[in-house]
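Colleague: Dropping a structure here in structure tokens format, bear with me for questions.
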Amino acid sequence: MNVRDGKNALQEIFQTQQYVDFHAMLAGLASSNVDVLCNCIGALLKANGFPYVSSNFEVGNLNVWAGHIEGKLENVLIVNLKTFECGGAYVDLLSVTYRALYLIETKFSAFCYLPQDMREREINSAISEIGLTEDLYNHILNNW
């Protein structure tokens, strides 16, 4: 996985509004460019503070591993490359991270021109709308 390429790919996806959510991105990239998909998932995991990420392919599935200790990674996501269904412990976390980063890269850039109290109110409203706590938002933002 190349996380830097994944971050660049995600930023391009967000700016072009190519995929509106995590599951649309999975389906779109799994059918067209699995390497970019791996890199994007790696970038989403890094945004959640996982320093070590890897992936492998096994019987039509993409398996993604992540953790804080090299050599002790956990399988956190499985993507069926034929049906585009996914499972694993971090599906929901990756989905909300995708939405948070989408907001950061698109909508929130316009907020920088607002007075601080309005900016904070708009950001808090947007993050609560997607079911994100302020702590998780700050964690993602700091790691992005």
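The opening position of the sequence shown corresponds to residue 563 in the working numbering, with each subsequent residue numbered one higher. Ideal placement from N, C-alpha and C gives every residue a C-beta, glycine not left out.
(1) According to the neighbour-count rule (16 or more other Cβ atoms, all chains shown, within 10 Å of its Cβ), is R566 buried or exposed?
(2) Over what stretch of residues does the alpha helix (DSSP H) that includes Y664 continue unbroken?
(3) Given 7 angstroms as the limit, tell me if K608 has its C-beta closer than that to any heavy atom belonging to the ligand MG.
(4) I'd like the span of the beta strand (DSSP E) that includes I640, first residue to last.
(5) What do you get for Y581, buried or exposed, if any count of 16 or more other CB atoms within 10 angstroms of its CB means buried?
(6) Cutting at 6 angstroms between CB atoms, please list the residues of its own chain near G611, excluding the five before and the five after it.
(7) Taking N568 as part of the beta strand (DSSP E), name the residues at either end of that continuous run.
(8) I'd like to know whether the C-beta atoms of Q577 and E667 end up nearer to each other than 8 angstroms.
(9) Let me check one thing: in DSSP terms, what residues is L624 bridge-paired to?
(10) Since G568 and G604 are thought to touch, with beta carbons under 8 angstroms apart, how far apart are those beta carbons, to the nearest angstrom?
Modeller: Short version:
(1) As a first step, residue 566 is located in the sequence shown; it is residue number 4 there, counting from the start. The residue is exposed, with fewer than 16 neighbouring Cβ atoms inside 10 Å.
(2) Here residue 664 corresponds to residue number 102 of the sequence shown, with the count starting at 1. First-last of the alpha helix (DSSP H) with Y664: V653 to E667.
(3) Among the components of this structure there are no ligands whatsoever, and the ligand MG is therefore not found.
(4) The sequence position of residue 640 within the sequence shown is 78, counting from 1. Taken as a continuous stretch (DSSP letters only), the beta strand (DSSP E) holding I640 covers E636 to N642.
(5) On the sequence shown, position 19 is the one that residue 581 refers to. The residue in question, Y581, is buried, as its Cβ has 16 or more Cβ neighbours within 10 Å.
(6) For the purposes of this step, residue 611 is taken as the residue at position 49 of the sequence shown. If we look at G611 and ignore the five residues flanking it on each side, its Cβ neighbours are N705.
(7) In the sequence shown, counting from the first residue as 1, residue 568 sits at position 6. For the record, residue 568 in the displayed sequence is Gly; it is not Asn. No beta strand (DSSP E) holds G568; the alpha helix (DSSP H) holding it covers V565 to T578.
(8) Here residue 577 corresponds to residue number 15 of the sequence shown, with the count starting at 1. Here residue 667 corresponds to residue number 105 of the sequence shown, with the count starting at 1. Yes, the pair counts as a contact, with Cβ atoms nearer than the cut-off.
(9) For this step, residue 624 is matched to residue 62 along the sequence shown. Answer is F619 and V641.
(10) The count along the sequence shown starts at 1 and reaches residue 568 at position 6. The count along the sequence shown starts at 1 and reaches residue 604 at position 42. Their Cβ separation, rounded to whole angstroms, is 5 angstroms, which keeps G568 and G604 in contact under 8 angstroms.
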